[in-house]
Structure formats: structure tokens, C-alpha cells
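Chains A and B are the protein sequences, given in the same order. In this text, residue positions in the first sequence follow UniProt numbering: the first is 1, and each later residue adds one. In this text, residue positions in the second sequence follow UniProt numbering: the first is 1, and each later residue adds one. What follows is a short report on a single structure.
Number of protein chains: 2
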Amino acid sequence: MGQAGLLEGRREVRSLDLGLLNEFASIVGKRGLICSPEELHTYECDGLTNFRVLPGAVLLPSSTEQVQSVVRLCHREKIPFVARGSGTGLSGGALPVANGIVLSLARMNRIHEVDLPNARVVVEPGVINLDVTGRVASQDYFYAPDPSSQSVCSIGGNVAENAGGAHCLKYGFTTTHVLGLEVVLPDGSLVHLGGKTLDTPGYDLVGVFVGSEGTLGVATKIILRIVKRPACVRTLLAAFPTTNEAGAAVSGIIAAGMLPAAIEMMDKLAIQAAEAAVHANYPDCGGLLLVELDGPLAEVEALITQVDEICRSNGAWEIRVAQSEAERALVWKGRKAAFAAVGRLSPNYIVQDGVIPRTVLPEVLMEIERLSAE
Amino acid sequence: MGQAGLLEGRREVRSLDLGLLNEFASIVGKRGLICSPEELHTYECDGLTNFRVLPGAVLLPSSTEQVQSVVRLCHREKIPFVARGSGTGLSGGALPVANGIVLSLARMNRIHEVDLPNARVVVEPGVINLDVTGRVASQDYFYAPDPSSQSVCSIGGNVAENAGGAHCLKYGFTTTHVLGLEVVLPDGSLVHLGGKTLDTPGYDLVGVFVGSEGTLGVATKIILRIVKRPACVRTLLAAFPTTNEAGAAVSGIIAAGMLPAAIEMMDKLAIQAAEAAVHANYPDCGGLLLVELDGPLAEVEALITQVDEICRSNGAWEIRVAQSEAERALVWKGRKAAFAAVGRLSPNYIVQDGVIPRTVLPEVLMEIERLSAE
């Protein structure tokens, strides 16, 4: 999740002696302190596995007060600390500092409040992304940001990295869905940013905190917006000869003024990897497009016909619409598994989880193809 | 637009002697300096006319360099300054400080760049909101935030106040549409926040600046997103006995999962005032609802039928759909004129331009009715 206190630590890192470890244990309890080398290896990296650093200790606080006490002690003793959620991040946000502390927020996983009339939920940072939706799904609500790792990643990590997901085209990133925050600053003091309503008075400090990769503090309570589940969801798969035609269909859909809930493109390698891993039943093709539309029934049915036409006129030779929720879930399982699945093909797989302006996408894809051929 | 430097000014406001006025004139030119009492009265307030303060002078810089020089001089001499756009704000953001400077940005009204492939426009702060759309309309783009004053208010003021408008339900406030900023800080130095793409790396400082009411600096260049005009727009008017039934229809529309481009409700007084002022041809009723849907033709046509049904089932006794662009423009002219129009009924009209959570709206409306009856 982050590296508040990192700069201080670099100047003079005190190694963690027995006295300090005892002090930490007195805050989080013996069971909240990990310092055996075997167990510490679990925490030496996150999803960016090319970089590994063994931390001095891992602490698992179970309350805001414990986080404050740990951070205050780190501040006093100039010990660098890095907060960590589920460790699924691909940009190394939870990479430890040697001899420093990892502050795992996995035990702070309570959902404090569910307020349906105002469509908001108050959670601790260790709550798993998909569990937010799980808690409100029976009332026809969901939590919109859905990174591929949504079944295991934590809200605290999502906040630190401003996580997106397949549906961020329509629904926005994490920053669109965080209303307020309780934050422990690097000196251990507590601040509250934003609040329970949209656009609270004052500067948008919530917006600055979300995506700050832990450099500003540790979020200990998070107020989230939830969204009403649309009346109807349809997912369309279109198979193209190559990603060029698939890309042209994407441009056509956007130019027609549609805002699909999600558009995802997969190349041959990703399709094969996903297929091998979860048997998503994808067509065997050079470029696959997944388009999801949601909204009122009448709207979705009218638009899905238009998407079908745009895909066909751009060379799609097979189009399927998922006919059940189970089929739809399988389609997304394939896409979301693609990252891990490619790892099965190549253990040195490095993800470039970048954002590319739509206008230069064809150029970038061609260059990638050229590099692959080399 | 704002009041950067206000606090400093409060401590020790130096009155503007001839020497200082000459120094200001040497920066902005004689024609860029206003200090005759008759002319200064124009600048004594903005749309919040209940508060009036005569400034010491008004400066009209025509470049970023001139803004910097003026602000540097104010900083050195501890003269408070307030930036001003068109002065249409309803919250007093351009209210002068006595003996202070008003920095009018009306002359900085150039559109520097129109980049359609990337859907962005670079403007100076004095550019009028509607002129941005005017510049890109022939290419089927528009600038989405549309405050009632859009034909006269400036982008700089929109940025300072994070202006919304009838269409902010679907399209978002100004903050959703500002990608980057060039800002003169209160000491005269220049910073660049954000950039030409969505979600530039680093903290979201653009988000903090937008809506900061001039307390952080003066924006001298603004990079805006523009949006593709939807293929189809339909505006529906529904007449209800009272605002209660109209409000219930709004809830019904939202609950059906629709996201209209705009929903506006008007009460009897607002309808009569708008009618008297611009002859919008509104039905004579106790509660009027304007619902605008936009998007691909098939989507809009399917949804407008649904909106019609929801309105009727909530007691609407007359429903009209604007049949031409001219009819649609007249509908919005009425709504946007309502503010000024009520002023014709009562010169002491004070606007409460507040944001009310949807869940407490019925309560607030009932209390307003009770107070009106007193």
C-alpha cells in the first residue's frame, strides 16, 4: 500500500533490536508480530515479484489506535514503514524497506456501516473488494471498481493505487467512489478527509489521497459509494482476425456515442493463456473483444444490436451474447485470469499495467508486435 | 473568482497611493487600470449583490506575465487582491476587499488550442463558457458543464467555483472536465498542475485547485476536456399538481436505473417567473419536471417511453416532448432564466444555491413551503 516515512528511514535506519520488537509486541500483541525469517518471506514483495526486500518485521494491527501507536513509534525511532493490503498490486506499492516495518492491514477487515438510503458503506482498509458487493448485493447494490484481483485485493490497497478495472470506462476509478477517509499521518496523528456526502465543502483532499501510493499516510477507515445494480446486463463476445479490426470496432462503438459498462480487447496470447487456465470457452482468434452493456432493459436491447452491427462491419466473424449470468461470469473469469494465466506460459512475465491515450493505441500495439517478432 | 492574499491583506492594508497606481499602470498599461469611483462601482459585487465593497483599483492584465507582475507587486506591498471573471457567481467569490485590487481576467479570453483527436481545448480564464462549445460545435463536440449563466460566465470563474449546471447529473461538474492548469501562486510564481491527459501521474492537485475559490492562486491557462455530442437529444416536460408528485417521478426515474442528461424540477413561483420573462410556453401547474435524455437514437427512444410512463403513473396530467431544437432551446431558456426572472418579482431575492442530498429533499421542500406560508 505505501511507503510513508520512507525518506526519513533512508537517512538512518535503526535495526530492529529486541527492545523495539517488544515495544511493537506490546502494541499489537504477540500474535500481531511476525519476525521469523521464514514467515517474513511472504511479505518480501507484492505482485511486482521482480523486486524483493526482506522487511525487519511485520505488524498486524487490529484498530486505528494500534496503527497510530505503531506509526508514532516508527516516527520516534526513524524506522521506515510500508503499509500493505493483500499484496496484489503490480506496481510495487507494498515493497518493503530493508530492516523496516511492514504494516499489514489484513486484520482490519470490518464493515462498520451499511447505509442503503444514502448508498454508502464504511469499511476498514483490509476489507476485500468483492466483499463490499457481497454485503449489499441482496439489496441490488454493488461496489463498482473491479480490478482483476477483486476477489482477493483490499479496499485500502485500491485506495492507495486508485485501482480501476474492466468497468472503469463507465463507472470511474476508485477515486470516483471514495467519499471520505480516516487517515493516520506519518507522525501518528489522525485526520478526517471528505465526509459522507458527495463534494463536501473545502479542498478535495480525498482526491489527493486516493492514488498517493501510501506517501501521505495510512487510511484506517474508508467511506465508499455504492451503486444501484442496473436492471439488465448483457455481455457480447466478438472474434476478429487481429487486434487491428477489434480496435477499429472499439473506435466505432465510442464514435456512435455509446458508453458501454466495459470494453476489453485480448490478443492471441492472452486468449490462449486464459483458455488454458480457466476454459472460458473463448473463440480461437487473433483479436477478441468483450463488450458489456448495462442499464434499463429497453436501452440495453437497443444498443446490443448496434454493437453487433459495428463489430460485423469491422470484420468480426463470430459474435456471441452471454445468455445467462453463469455464462457472463465465465467470460469475465477468463479475462480476469489472463494476467496470472500468462504467468503459466512465462515465469518471467512482467506486466506493463499502463494507461495509453486512445489515439496512440494502434501505434503502441504495432510497436509491441514488432518487438515480439524480434 | 477568489481571494488569494486576503489574509495577508487583513493584517496591514496599504492604501493605493499614486506611486503604486503608476507601478500597476506600467504593468498593465493605462487602459488596463481602472480607478475612477464611477467605474469601480461596476466591480463592487458579483451575483451576490447583498454584499458590496468598493475596491481600490481594478487591473485588467492581458497575459500570464502581467498577472505574475501584478501579483508579485501585491505580495511585496501586502495589497490584498481578488481575481474576477464575469462576476456572475452567486457565492461572493469575486467580492473585493476594501482598498484592495480586483484582478479582472476579462481580457485574457483567447482559445489557444483546439485538439479534436484528443478531445481537448486550451483556454485562457476569461473565455466565456458557451464560446468553448461554439468553437467546437461544428465538429460535433461540446463543453459539458453548463451553469445557468453559461452565455456570460467565464471558464476561470467556473474553475474557481467548480461550477455545475443542469447537465451535471450525467456529465459531472467542472472538476470532471479540467485536465490541467497553469496557475500564478500568491507570491507570483508559476506552476503547472495536471496535463493534457486524464489521470496524469502524481497527486491530483488539479482536483484540489478546482473549487478552491481563488484561495490557492489564479488560473491563467486551463486545459479542458470536450465531449462528443450525442447522436440524439430529447427533452420532455411533465406537468404535475405539486412538486411532491414531480419529486416522486424523479425517484422513479432514478430507481429504474436511468441516467438522464438532466432532470430539473420547478415550483409554481419559478414557472410563473420564467413564463413572464421569456415566454417559455410552460404548462401552468404546481410542479414542472424537465427531463432530458441523450445518447444513440435507439437508446433515447426506448427510454423516453419509460420516462413518460413513470411520470403518468405519478400523476402527471400533461406531457410534452420538444419536437425541434428550437423548442428544446426555449425549454432550457425558461429554466436558465428563472433565477433572474424571480428577481423581477422580488428585488430582494436571495438565492440559496445549495446542494441537498436526494434523501432529505422532500423534507427540505416541505419546510420551505411552511416558511413561505408564514
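Idealized CB from N, CA, C, for every residue including glycine.
- Around B:GLU299, the beta-carbon contacts reaching into chain A at under 7 Å are GLU299, ALA302 and LEU303.
- In this model, A:HIS192 and B:PHE209 are separated by some 19 Å (Cα to Cα).
- For A:GLY207, a Cβ of chain B is located within less than 8 Å of the residue's own Cβ.
- With a 10 Å radius around the Cβ and a threshold of 16 neighbouring Cβ atoms, A:SER154 comes out buried.
- For B:SER26, the enclosing alpha helix (DSSP H) begins and ends at 18 to 28.
- Contact of A:ALA256 with chain B by beta-carbon distance below 8 Å involves ALA231 and PRO296.
- One Cα belongs to A:GLU292, the other to A:TYR43, and the distance between them is close to 36 Å.
- Fewer than three beta-carbon pairs drawn from the segment 253 to 262 of chain A and the segment 273 to 282 of chain A are found closer than 8 Å, and the two stretches are therefore not classed as touching.
- About 6 Å separates the Cβ atoms of B:GLY89 and B:GLY157, confirming a contact at the 8 Å cut-off.
- For A:PRO357, the neighbours in chain B by C-beta distance under 7 Å run, in chain order, ASN118 and THR197.
- For A:LYS170, the enclosing alpha helix (DSSP H) starts and ends at 168 to 171.
- Taking C-beta separations shorter than 7 Å and ignoring five residues to either side along the sequence, the partners of B:LYS228 in its chain run ASP140 and TYR141, following chain order.
- Considering only A:ALA106, A:HIS112 and A:GLU113, the residue with the shortest C-alpha distance to A:GLY126 is A:ALA106.
- Look at the segment 217 to 229 of chain B: the residues with a C-beta under 9 Å from a C-beta of chain A are LYS228 and ARG229.
- Between B:LEU198 and B:LEU179 the beta-carbon gap is near 7 Å, inside 8 Å, which marks them as a contact.
- Annotation: B:LEU236 to A:ALA302 spans about 20 Å, alpha carbon to alpha carbon.
- Counting along the chain, B:ASP46 sits inside no alpha helix (DSSP H), nor does DSSP assign it H or E at all.
- B:SER212 belongs to the set of residues whose beta carbon lies under 8 Å from a beta carbon in chain A.
- Under the DSSP assignment, B:GLU161 falls in the alpha helix (DSSP H) whose first and last residues are 155 to 161.
- Sequence-distant Cβ neighbours of B:LYS333 in its own chain, meaning closer than 7 Å and more than five residues away, are VAL278 and ALA280.
- Between B:VAL233 and B:ARG84 the beta-carbon gap is near 34 Å, outside 8 Å, which marks them as no contact.
- Sequence-distant partners of B:LEU33 (beyond 5 residues in either direction) whose C-beta falls short of 8 Å from its own C-beta, in its chain, are LEU21, PHE24, ALA25, ALA57, VAL58, LEU59 and LEU60.
- Note on A:LEU18: under 16 other CB atoms within 10 angstroms of its CB, so exposed under the neighbour-count rule.
- Counting only runs of 4 or more residues that sit fully inside the segment 228 to 257 of chain B, the alpha helix (DSSP H) segments are 243 to 255, in chain order.
- In this structure, DSSP gives A:MET265 an extended state, which the three-state scheme calls strand.
- Bridge pairing for A:HIS192: A:GLU182 [DSSP].
- Checking the DSSP bridge columns, you'll see A:GLY295 partnered with A:CYS232.
- Residues VAL364 of the same chain have their beta carbon placed closer than 8 Å to that of B:ILE356, with the five preceding and five following residues left out of the count.
- The residue among B:THR220, B:ARG358, B:ALA261 and B:MET258 with its C-alpha nearest the C-alpha of B:MET108 is B:THR220.
- At least one CB atom of chain A sits nearer than 8 Å to the CB of B:ASP204.
- Per the DSSP secondary-structure output, B:TYR141 pairs in a beta bridge with B:LYS228.
- For A:MET258, the number of other beta carbons within 10 angstroms of its own is at least 16, and it is reported as buried.
- The straight-line gap separating the alpha-carbon atoms of B:GLN272 and B:GLY247 is approximately 19 Å.
- For A:GLU318, the uninterrupted beta strand (DSSP E) segment begins and ends at 318 to 321.
- The beta carbon of A:GLN139 sits no closer than 8 Å to any beta carbon of chain B.
- Of the residues B:TRP317, B:GLN306, B:LEU297 and B:ALA322, the one whose Cα lies closest to the Cα of B:THR242 is B:TRP317.
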